[in-house]
Amino acid sequence: MTEPRDHPFIAAVKPLVDAMGGELVAPHEAEPDDVVLAWEGENLLAVRLPQLSESLDHILAALERRYGMPLAELDRKSKQSVVRTLEARGAFSVRHGVETVATALGVSRFTVYNYLNREAAAKGDPVR
Numbered sequence: 204m205t206e207p208r209d210h211p212f213i214a215a216v217k218p219l220v221d222a223m224g225g226e227l228v229a230p231h232e233a234e235p236d237d238v239v240l241a242w243e244g245e246n247l248l249a250v251r252l253p254q255l256s257e258s259l260d261h262i263l264a265a266l267e268r269r270y271g272m273p274l275a276e277l278d279r280k281s282k283q284s285v286v287r288t289l290e291a292r293g294a295f296s297v298r299h300g301v302e303t304v305a306t307a308l309g310v311s312r313f314t315v316y317n318y319l320n321r322e323a324a325a326k327g328d329p330v331r
């Protein structure tokens, strides 16, 4: 982006955009699907959001950083916690989300579904 990155608004939204796996672009470079953000009536920057599948990869990488190791090396309880986090963030609404998560966790799709079903049962929700 060619705009000055030290603007307080840009500094404020950059951590959020980074966490989502988005990209900051100059407003004049915005594409139709980008979100243009204004500050005091002036278009200051645009945010290019990632595709949903890219977002899932970004979330998985962030979880690996949080745990400090590959997700496949976590114990069962931690893997269940990861699945709860991912479900809360909508990861399983993404096409092939269960498969992607199962691969990252080093478990089968069946195991991921079991984790989801256990969580649903604990909440009193209908089993999937």
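If you count by the working numbering, then the sequence shown holds residues 204 to 331, one letter each, in order.
Glycine included, each C-beta is placed from N, C-alpha and C at the ideal position.
Remember, predicted model here, so these are calculated numbers, not experimental data.
V297 and Q283 have their C-alpha atoms roughly 19 Å apart. Classified as buried, L319 has 16 or more neighbouring CB atoms from the shown chains inside 10 Å of its CB.
Bounds of any alpha helix (DSSP H) do not take in V238; it lies within the beta strand (DSSP E) bounded by 238–242.
Per DSSP, the continuous beta strand (DSSP E) segment holding R251 begins and ends at 245–251. Excluding the 5 residues flanking it on each side, L252 has same chain C-beta neighbours closer than 6 Å at G225, in chain order. With a cutoff of 7 Å on beta-carbon distance, T288 and L259 are scored as not near each other.
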